[in-house]
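J.: Quick note on numbering: the sequence shown equals residues 550 to 806 in this note's numbering.
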Amino acid sequence: MNPALARAVPSCALREPLDAQIDRVHGGWAGVLDGWRRSKAGRLTIGRVDSKAAANASVYPRDVFRALRETPLEALRIVILGQDPYHGAGQADGLAFSVAASCRHPPSLRNIFEERQRELGLPAPSSGSLVDWARRGVLLLNTSLTVEDGRPGSHSRIGWQVLTDEIIRITAESVAPKVFLLWGAHAQAKAALVAGRQHCILQCNHPSPLSARRPPRPFIGCGHFVAASAFLASADPVRGGFDWRLAGADAARPPAG
Numbered sequence: 550m551n552p553a554l555a556r557a558v559p560s561c562a563l564r565e566p567l568d569a570q571i572d573r574v575h576g577g578w579a580g581v582l583d584g585w586r587r588s589k590a591g592r593l594t595i596g597r598v599d600s601k602a603a604a605n606a607s608v609y610p611r612d613v614f615r616a617l618r619e620t621p622l623e624a625l626r627i628v629i630l631g632q633d634p635y636h637g638a639g640q641a642d643g644l645a646f647s648v649a650a651s652c653r654h655p656p657s658l659r660n661i662f663e664e665r666q667r668e669l670g671l672p673a674p675s676s677g678s679l680v681d682w683a684r685r686g687v688l689l690l691n692t693s694l695t696v697e698d699g700r701p702g703s704h705s706r707i708g709w710q711v712l713t714d715e716i717i718r719i720t721a722e723s724v725a726p727k728v729f730l731l732w733g734a735h736a737q738a739k740a741a742l743v744a745g746r747q748h749c750i751l752q753c754n755h756p757s758p759l760s761a762r763r764p765p766r767p768f769i770g771c772g773h774f775v776a777a778s779a780f781l782a783s784a785d786p787v788r789g790g791f792d793w794r795l796a797g798a799d800a801a802r803p804p805a806g
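#1: What separation, rounded to the nearest whole angstrom, lies between the Cα atoms of Asp599 and Pro566?
#2: Quick check: the segment 581-596 against the segment 649-660, are at least 3 beta-carbon pairs closer than 8 angstroms?
#3: Leaving out the 5 sequence neighbours to the left and right, which residues in its chain are closer than 6 angstroms to Gln640 when beta-carbon positions are compared?
#4: Have a look at Leu760 and Ile719 and give me their C-alpha separation to the nearest angstrom.
#5: So Phe729 is in the beta strand (DSSP E); what residue range does that whole segment cover?
#6: Is any heavy atom of the ligand ATP found at a distance shorter than 7 angstroms from the C-beta of Ile769?
#7: Just to confirm the assignment: which complete beta strand (DSSP E) runs, minimum length 3, are found wholly within the segment 710-775?
#8: Determine the closest residue to Leu630 out of Gln747, Gln737, Arg763, with distance taken between C-alpha atoms.
#9: Once you ignore the five residues that flank Ala740 on each side, which residues in its own chain have a CB closer than 8 angstroms to its CB?
#10: What are the boundary residues of the alpha helix (DSSP H) that Asn660 is part of?
#11: What are the start and end residues of each continuous alpha helix (DSSP H) run of 4 or more residues lying completely inside the segment 584-630, in chain order?
#12: Alpha helix (DSSP H) containing Leu567: first to last residue?
In structure tokens:
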């Protein structure tokens with residue numbers, strides 16, 4: 550890449566080849582990723598993403614497989630599905646609905662924090678990073694793992710669903726009961742990959758301002774944070790429910806839900 554052009558690419562954009570990023574994912578997900586990248590579908594997707602980045606397109610996030618590194622398969626308790634990463638510079642951090650600590654909270658994330666406060670009494674933290682959830686066992690997975698600057702949905706048809714559907718399927722086949730939070734029609738289309746098993750599936754509208762308060766199943770008032778924790782506590786009394794707190798404003802508060 551021309552050095553002069555490289556300087557124009559935001560530091561938050563993809564710069565490293567995807568194969569190198571895959572090599573840094575360990576544990577249960579490593580085999581999933583390795584099998585995918587050896588497949589024809591995987592090579593096509595990797596080639597398309599890498600070529601766009603090499604052509605100086607601003608592709609987000611920089612850390613494409615972060616969700617799998619932060620939440621090992623062995624530790625996973627909850628799955629929250631997003632559609633694709635945020636498409637503004639400095640927003641996407643590799644975790645669905647999450648943003649970098651210095652970034653202003655996007656509207657969907659503000660509604661997530663509003664519902665969390667309604668259910669659990671926890672105010673919105675100063676940081677919009679959801680990494681604390683990821684490290685406690687929430688897989689924050691987008692069904693498309695990359696996007697181009699200012700172009701929502703731009704990578705929705707380049708093959709990511711082959712991988713993310715496989716991740717959802719393997720997660721659902723795991724013996725330990727889990728909670729799948731399917732917010733919006735795009736996430737709910739994946740319910741068939743989970744149905745018929747011992748897991749808890751909770752569905753409602755997407756937290757976007759366009760749908761968060763609309764019928765038939767508004768996001769605001771859905772009760773999913775409490776319901777998810779209650780299911781996990783019942784399924785695994787030793788580990789108990791889920792701690793929905795985040796660093797910052799509510800870090801010192803006792804666990805809720």
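Don't be surprised by glycine CBs; every beta carbon is placed ideally from N, CA and C.
T.: The short version:
#1: 6 angstroms
#2: no
#3: Val648, Cys652
#4: It should be noted that the sequence gives Ser, not Leu, for residue 760. One C-alpha to the other measures close to 30 angstroms.
#5: 728-732
#6: Looking at this structure, you won't find the ligand ATP or any other ligand, since it has none at all.
#7: 728-732, 749-753
#8: Gln737
#9: Phe729, Leu731, Ile750, Gln752
#10: 656-669
#11: 589-603, 615-619
#12: 567-571
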